[in-house]
């Protein structure tokens with residue numbers, strides 16, 4: 003398990019969220035978690051938009067998705083990997099996306115939404131960059147150390163992998179159940 007870094011600036015900024023129980027997660031020190039991202043063509047901020055993306059995540063995943071952070075590039079990368087898999091160039095089951103967060107999609111209580119959008123918390127970005135290295139290095143080392151015994155032949159997934167359309171085969175466990183539509187690359 004990685005020991006992650008923090009910064010005085012990030013700690014001070016997170017403390018602003020401690021005035022509301024609804025934002026308790028925002029006060030925690032950096033940690034590794036498993037959750038879901040949402041994407042938009044534009045960067046967004048605000049309680050209403052954050053709640054909208056949270057609810058959309060629940061809706062599109064039949065309640066199984068846990069929204070925690072915004073992302074533009076993650077979903078674009080996954081779409082490229084999906085198309086490359088359909089073209090028989092990569093194996094989608096080998097994709098790992100690791101992401102760090104250095105800001106919040108919602109302002110702390112009393113903070114104007116525009117300030118949250120345009121003024122990132124001091125010191126958080128540097129810690130986030132350091133933490134992706136600290137958390138990612140053991141993953142890469144594990145893959146390299148076990149390449150010959152485990153990863154060279156691939157690990158058969160135990161869950162559905164792919165898009166909402168079932169483009170790679172199998173039945174998605176999220177989205178419209180029984181959808182017969184297929185993704186067109």
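Numbering (this note's numbering), first residue to last: 3 to 187. Heads up, the beta-carbon is just placed ideally off N, CA and C, and yes, glycines get one too.
Residue i (DSSP reduced to helix, strand or coil)
{"i": "residue 162", "result": "coil"}
{"i": "residue 72", "result": "strand"}
{"i": "residue 82", "result": "helix"}
{"i": "residue 7", "result": "coil"}
{"i": "residue 34", "result": "coil"}
{"i": "residue 39", "result": "strand"}
{"i": "residue 52", "result": "helix"}
{"i": "residue 63", "result": "coil"}
{"i": "residue 45", "result": "coil"}
{"i": "residue 20", "result": "helix"}
Contact set for residue i: own chain, Cβ-Cβ below 7 Å, skip 5 residues either direction
{"i": "residue 163", "result": "94, 95, 170"}
{"i": "residue 188", "result": "Since the first residue shown for the chain is 3 and the last is 187, residue 188 is missing from the structure and cannot be characterised."}
{"i": "residue 159", "result": "95"}
{"i": "residue 58", "result": "40"}
{"i": "residue 56", "result": "69"}
Sequence-distant residues of the same chain with beta carbon closer than 6 Å to residue i, five excluded per side
{"i": "residue 174", "result": "162, 166, 168"}
{"i": "residue 5", "result": "none"}
{"i": "residue 97", "result": "83"}
{"i": "residue 25", "result": "19"}
{"i": "residue 103", "result": "71"}
{"i": "residue 37", "result": "68, 70"}
{"i": "residue 138", "result": "100"}
{"i": "residue 64", "result": "176"}
{"i": "residue 124", "result": "11"}
Buried or exposed by the 16-neighbour rule on C-beta atoms within 10 Å, applied to residue i
{"i": "residue 155", "result": "exposed"}
{"i": "residue 91", "result": "exposed"}
{"i": "residue 120", "result": "exposed"}
{"i": "residue 39", "result": "buried"}
{"i": "residue 107", "result": "buried"}
{"i": "residue 15", "result": "buried"}
{"i": "residue 47", "result": "buried"}
{"i": "residue 54", "result": "exposed"}
{"i": "residue 172", "result": "exposed"}
Close-in-space but distant-in-sequence residues of the same chain around residue i (CB under 8 Å, 5 per side omitted)
{"i": "residue 101", "result": "39, 71, 73, 76, 134"}
{"i": "residue 43", "result": "74"}
{"i": "residue 145", "result": "153"}
{"i": "residue 7", "result": "32, 129, 132, 133, 136"}
{"i": "residue 49", "result": "108, 109, 115"}
{"i": "residue 66", "result": "175, 176"}
{"i": "residue 122", "result": "104, 105"}
Taking three-plus beta-carbon pairs below 8 Å as touching, is the region 5 to 20 in contact with the region 127 to 145? In this structure the region 5 to 20 touches the region 127 to 145; the number of beta carbon pairs closer than 8 Å is three or more.
Is it the case that the region 106 to 122 contacts the region 17 to 30, given that we only count it when at least three CB pairs across the two stretches are under 8 Å? Enough Cβ pairs lie closer than 8 Å, so yes.
Quick test of the definition: if touching needs 3 or more C-beta pairs under 8 Å, does the region 149 to 168 touch the region 29 to 48? Between the region 149 to 168 and the region 29 to 48, the count of Cβ pairs shorter than 8 Å is below three; the stretches do not touch.
Between the region 85 to 93 and the region 54 to 74, do three or more beta carbon pairs fall short of 8 Å? Not touching, per the Cβ criterion.
List, from N- to C-terminal side, the alpha helix (DSSP H) runs of 4 residues or more that fit wholly inside the region 124 to 173. Taking only runs of at least 4 residues, the alpha helix (DSSP H) segments lying wholly in the region 124 to 173 are 126 to 147.
Quick check for students: name the residue ranges of the alpha helix (DSSP H) that lie wholly in the region 90 to 125, counting only runs of 4 or more. Here the runs fully enclosed are 115 to 120.
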